[in-house]
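In this note's numbering, the protein residues as written are 75 to 191.
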């Protein structure tokens, strides 16, 4: 879908109330207190381990981080790799689908620099 087609579709949904907004499923997938921050950290440094993510996302709890990681993995935005070694080592990577969010993060950052001092 081109940008012009997107604008036309969104305008039609707003005016008529009919159809599905193409943004809604994306927002639903990324909603949650920590998901965007986790994805952003993995964009900066990938792979990362659980402890590294926890340190970067203070004051996140272990439970909140675990739940967010499971949801991101279920949505195929990240991949969890567990290595067969002792002590146990687990790393988190962005999938191709997750890496495709990089331009979105860039656009959001540009918007933020323009409108949020």
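We put the CB at the ideal spot given by N, CA and C, even for glycine.
All of these numbers come straight from a predicted model, not from anything done at the bench.
Could you name the residues of the same chain whose beta carbon sits closer than 6 Å to that of residue i, not counting the 5 residues immediately before and after it, in chain order?
{"i": "residue 111", "result": "131"}
{"i": "residue 150", "result": "169, 171"}
{"i": "residue 157", "result": "163"}
Run the CB neighbour count on residue i, radius 10 Å, all protein chains shown included, and call it buried at 16 or more, exposed below.
{"i": "residue 181", "result": "exposed"}
{"i": "residue 108", "result": "buried"}
{"i": "residue 162", "result": "exposed"}
{"i": "residue 148", "result": "exposed"}
Provide the residue(s) that pair with residue i in DSSP beta bridges, ordered along the chain.
{"i": "residue 152", "result": "168"}
{"i": "residue 122", "result": "166"}
{"i": "residue 157", "result": "163"}
Can you list, in chain order, the residues of its chain with a C-beta nearer than 8 Å to that of residue i? Leave out the 5 residues immediately preceding and following it.
{"i": "residue 119", "result": "126"}
{"i": "residue 66", "result": "Nothing about residue 66 can be read from this structure; the chain reaches only from 75 to 191."}
{"i": "residue 96", "result": "75, 80, 83, 84"}
{"i": "residue 165", "result": "121, 122, 123, 154, 155, 157"}
For the candidate residues the options, whose alpha-carbon lies nearest to that of residue i?
{"i": "residue 122", "options": "152, 141, 137", "result": "152"}
{"i": "residue 167", "options": "95, 191, 117", "result": "117"}
{"i": "residue 175", "options": "165, 114, 158", "result": "114"}
{"i": "residue 103", "options": "83, 146, 81", "result": "146"}
{"i": "residue 100", "options": "144, 186, 189, 178", "result": "178"}
{"i": "residue 155", "options": "142, 188, 124", "result": "124"}
{"i": "residue 144", "options": "173, 106, 82", "result": "106"}
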